[in-house]
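Chains A and B are the protein sequences, given in the same order. Residues in the first sequence are numbered consecutively from 17, following this note's numbering. Residues in the second sequence are numbered consecutively from 17, following this note's numbering. Glycine is no exception: its CB is placed at the ideal position from the N, C-alpha and C atoms. Predicted model only: the values in this text are computed from it and were never measured. One structure below.
Number of protein chains: 2
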Amino acid sequence: MSFDSEVRIRGRCEMVRTSESGHEGMIALYHFDRSTAAQKVRLSLAEKGLAWESRYVDPSLSKRDQHDPEYLKLNPRGVVPTLIHDGMIVRESQVILEYLEDAFPEPSLRPASPYDRARMRLWTKLVDEGIHVDSRTIGQCVAMRFVTLQADAVTLKKHYDAMPEETRRDNDRINNEAGLDSPLLPGALRRFKKIFGDIEHTLADARWLAGNTYSLADISLVVYVSRLESFQLSELWDNLPKLKDWHERIKQRPAYAEVIEKWGDTTSPARIQHGKDALPKVRMLWAQLDANVLSTSRNLRHRCDLCGR
Amino acid sequence: MSFDSEVRIRGRCEMVRTSESGHEGMIALYHFDRSTAAQKVRLSLAEKGLAWESRYVDPSLSKRDQHDPEYLKLNPRGVVPTLIHDGMIVRESQVILEYLEDAFPEPSLRPASPYDRARMRLWTKLVDEGIHVDSRTIGQCVAMRFVTLQADAVTLKKHYDAMPEETRRDNDRINNEAGLDSPLLPGALRRFKKIFGDIEHTLADARWLAGNTYSLADISLVVYVSRLESFQLSELWDNLPKLKDWHERIKQRPAYAEVIEKWGDTTSPARIQHGKDALPKVRMLWAQLDANVLSTSRNLRHRCDLCGR
């Protein structure tokens, strides 16, 4: 994979422009089909009806496009997605989502009122604070590690050595080696359980997470629910009817089918089987988290981090 | 401290309105003088020339206002600041900063162009991803732990038990006990060193972090530089002239003196002495981080996470 012909970087720490990226105003997206971060951006592009050019970044161990030195110039963390618009490079899914709102205000995926926008950002903030990493932890422990375990030691060492993000690398190593016994898994599940409770609580009074408007809050959270569903873990929110209904309503939107289901085949027999194999252990950990919460007096009842009630 | 008369909560997970908070449009800020998160919000209020009412949240071990059950209804994480505007409750400093931009657009602390706004948000995102927690780690290890060490065991246990944030509690416990030997300290310093390098690199080509406009990026980062300075650690960026100049230019703004220096007395003799005592060890850790970076081939040169160069 070469990015040489596509991108030329001018100046130092300033605007970066592509040199041969086609016509003015063109949108290109460096992405991977099943990346939750890429899914969010594709959802936004589809809801806004924006045309874009796909630049596929293959993260398989034999390719590792995301660690290609030319890609690292676009995205120093070595992650997808990266958006190119009108020659400008924009990174980090949550930043890209706000960028698309600023650059293409209509139709809006931000609520109109400042207060509802603040509610929206309380949700999107959870992604960068932990949920995205937690989702990766669950995915690695449940299913993705089996791909890694098949790789030879030299390939694997090369892969880890090239990862620019130390925390991501260390987490991956721990999760790939320990699987469902990873010390990182209970915390990841606990934080998901808390957020699922907050979603259920919020939807008791509103159609969407930030009020009556489908917004970046819904887009930013739903991809993680879909991710756990693809690992056959949807039993975990069987007792949360509002969350289930919200998830179904989003899945029925035309944008969802177009950019999640069309792009990411999450129904591979191996993934489904790994998920089914993991379910008993995950179910047990999830239930234990209940017990832990109830044994601590200050947490005798659910308190929503979003509204304080 | 009672918040009863100030706030009445309606409904469930929805808009929360104060009942006796004075006239329409009033701004009140629950804050603590030396909190970096509160400093950011006060900086924004001052730059915008907005009047606000102070509601002081005393975090000392004998008061612990931030763990008061009534305050936890306003702020479930038990942290400052919390903004009340026109009866609405807004939490989390980075969310509050964007809220103030949406509610009071002029004068703007967000750059005009979508691309520069994205650059701004790449910076502010670093705060929630780690720098805020890292700043707390450094502060506890260097100086704040000495206050905690003076508390009796019962008071301390009560304090920890009441902390709703597990990660914050666990970090505090580790840092208070281990001080400069805390296993969390080297990582915190390393991430600061990386970000300081990125700031220096960015300012080589632009007056402010997100281009030619003083923005939320500058406000969100400068408070952490000032925090380390208050611990007598400014020697750490002696070799970064652009960062030093940027810091000085912000300190010269009228808003800075009004809401940082007036509000937070960071010149207590004890704090200064603890900082001076810690400097040799911190200096050594900081220098070792250099060695570590240089020994890894992929990091032979500085790569800016903001621009990829």
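Quick one: which unbroken beta strand (DSSP E) runs of 3-plus residues sit fully inside the stretch 194-220 of chain A? Chain order, please. none
Inter-residue spacing [alpha-carbon to alpha-carbon] between I288(B) and L165(B): 17 angstroms
Establish whether the CB of G324(A) and some CB of chain B are separated by less than 8 angstroms. yes
Can you name, in chain order, every residue of its own chain whose Cβ lies under 8 angstroms from the Cβ of K210(A), other than the five neighbours on each side? Excluding positions up to five away in sequence, the list reads D321.
Return the CA-CA distance between R223(A) and T229(A), expressed in angstroms with no decimal places. 8 angstroms
Nearest by alpha-carbon distance to K64(B): which of L295(B), G280(B), L301(B), E274(B) is it? That would be E274(B), whose Cα lies nearest to the Cα of K64(B).
Members of the stretch 130-158 of chain B that neighbour chain A once the beta carbon cut-off is set at 8 angstroms: P130, Y131, R133, A134, R137, L138, K141, D144, E145
Q55(A) classed as buried or exposed, judged by whether at least 16 other C-beta atoms fall within 10 angstroms: buried
Just verifying my parser: in three-state terms, what is the DSSP assignment at M397(A)? The structure shown does not extend to residue 397(A), since chain A is modelled only from 17 through 325, so no value can be given for it.
Mind checking which residues open and close the alpha helix (DSSP H) that includes V241(A)? 232-246
Along the stretch 114-129 of chain B, what residues have a CB closer than 7 angstroms to any CB found in chain A? E114, Y115, D118, A119
Could you name the residues of chain B that R93(A) contacts, counting a contact when the two beta carbons are closer than 8 angstroms? D321
State the Cα-Cα distance for the pair P296(A) and P257(B), rounded to the nearest angstrom. 57 angstroms
Mind listing the chain B neighbours of Q166(A)? Cutoff is C-beta to C-beta under 9 angstroms, in chain order. In chain order: nothing, as chain B lies at least about 25 angstroms away.
Where E69(A) sits in the DSSP three-state scheme: strand
Between G213(A) and R152(A), what straight-line distance do the alpha-carbon atoms span, to the nearest angstrom? A straight-line Cα-Cα distance of about 20 angstroms links G213(A) and R152(A).
Using a cut-off of 8 angstroms between C-beta atoms, extract the partners of M42(A) located in chain B. Under the 8 angstroms cutoff, chain B gives no residues; its nearest Cβ is about 15 angstroms from M42(A).
Any 3 or more C-beta pairs closer than 8 angstroms across the stretch 166-181 of chain B and the stretch 193-201 of chain B: no
L252(A) and G291(A) closer than 8 angstroms at C-beta: no
Alpha helix (DSSP H) containing R265(B): first to last residue? 257-267
Under 9 angstroms from the C-beta of E108(A): neighbouring residues of chain B: A134, R137, L138, K141
Residue nearest to L88(A) in terms of C-alpha spacing, selected from D186(A), V73(A), E193(A): V73(A)
Spell out whether any CB of chain B is found under 8 angstroms from the CB atom of V73(A). Taking Cβ atoms only, chain B never reaches closer than 8 angstroms to V73(A), which makes this a no.
When DSSP builds the beta bridges, which residues end up paired with G227(A)? W224(A)
Would you kindly report the start and end of the unbroken alpha helix (DSSP H) that includes I276(B)? No alpha helix (DSSP H) contains I276(B), which DSSP labels as neither H nor E.
For chain A, is any of its Cβ atoms less than 8 angstroms away from the one on L88(B)? yes
Residues in the stretch 238-258 of chain A having any Cβ partner in chain B nearer than 9 angstroms: none
Would you verify that the beta carbon of V163(B) is, or is not, closer than 8 angstroms to some beta carbon of chain A? Under the 8 angstroms criterion on CB atoms, V163(B) is classed as non-interfacial with respect to chain A.
Report the partner residues of I100(A) according to the DSSP bridge assignment. Answer is A44(A), I105(A), bridged to I100(A).
Reduced DSSP category for T164(B) - H, G, I as helix; E, B as strand; rest coil: helix
Of the choices D102(B), E108(B), S70(B), whose alpha-carbon is the least far from that of V95(B)? E108(B)
First and last residue of the alpha helix (DSSP H) that includes W139(A)? In the DSSP assignment, W139(A) falls within the alpha helix (DSSP H) that extends over 130-142.
Quick one: grab the DSSP three-state call for S60(B). S60(B): helix per DSSP, three-state reduction.
M104(A) touches chain B at which residues, Cβ-Cβ below 7 angstroms? Y131
Chain A within 8 angstroms of V341(B), Cβ atoms only: Only positions 17 to 325 of chain B appear in the structure, and residue 341(B) is not among them; the question remains open.
If distances are taken between C-alpha atoms only, which option among C323(A), L59(A), A271(A), R93(A) comes closest to P180(A)? R93(A)
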